[in-house]
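Numbering (UniProt numbering), first residue to last: 1 to 179.
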């Protein structure tokens, strides 16, 4: 939680001047407004960052659960491809249900459009190289098992891009394009 407004308010309250000196356009009221805007901006930026980071955290959590089901042992490439396919098509049931309940001749709902776009983007990423923690490395699987959901810990893991053709390419965290 940003604290600049609290600090500014405290500094202004300690001044010797009378409280009536704080009028609409006084220096102190302008300081308070600036501090409030600064705090609001920090909250907005943090919320936007969390929204951007959430898909990678969900992806890491999915593969963490898969590694735990395997007993903390590294996975072979076929098992990883199966996991990727299930991850890519995890929204298919909801998409098909929305498609069935829609009356013929009606346009697709917003949720249906979003799911279609998400599924298509994940399939394209899988063709070009799906970004995930390296599940073939034993130490990386142990580190992934210890992960507690924090964004900062994800940078300690090794990340790879695995394409549908079976090519594995080392990558960095956070992803930037085709890193």
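Each residue gets a CB set at the ideal place from its N, CA and C atoms; glycine is no exception.
| Residues that residue 160 bridges to, as DSSP identifies them | 132 and 170
| said: Could you give the first and the last residue of the continuous alpha helix (DSSP H) run that contains residue 140? | reply: 138 to 146
| task | Check residue 24 in the structure and name its three-state DSSP category. | result | coil
| query | Closest by CA to residue 41, which one among 2, 15 and 23? | reply | 2
| request: Rounded to whole angstroms, what's the CA-CA distance from residue 7 to residue 153? Just pull it up for me. | output: Taking the straight line from one Cα to the other gives about 31 Å.
| query | Starting from residue 79 and walking both ways along the alpha helix (DSSP H), at which residues does that stretch end? | reply | Boundaries of the alpha helix (DSSP H) harbouring residue 79: 77 to 88, taken from the DSSP string.
| Smallest Cα separation from residue 96: which of 112, 107 and 67? | 112
| How would you call residue 80, buried or exposed, if buried means at least 16 neighbouring beta carbons within 10 angstroms? | With 16 or more other Cβ atoms inside 10 Å of its own Cβ, residue 80 counts as buried.
| message | Tell me the rounded alpha-carbon separation between residue 175 and residue 56. | response | 9 Å
| said: Considering just the uninterrupted stretch of the alpha helix (DSSP H) at residue 97, what are its terminal residues? | reply: First-last of the alpha helix (DSSP H) with residue 97: 92 to 101.
| said: Whole angstroms are fine: how far does the CA of residue 119 sit from the CA of residue 108? | reply: 15 Å
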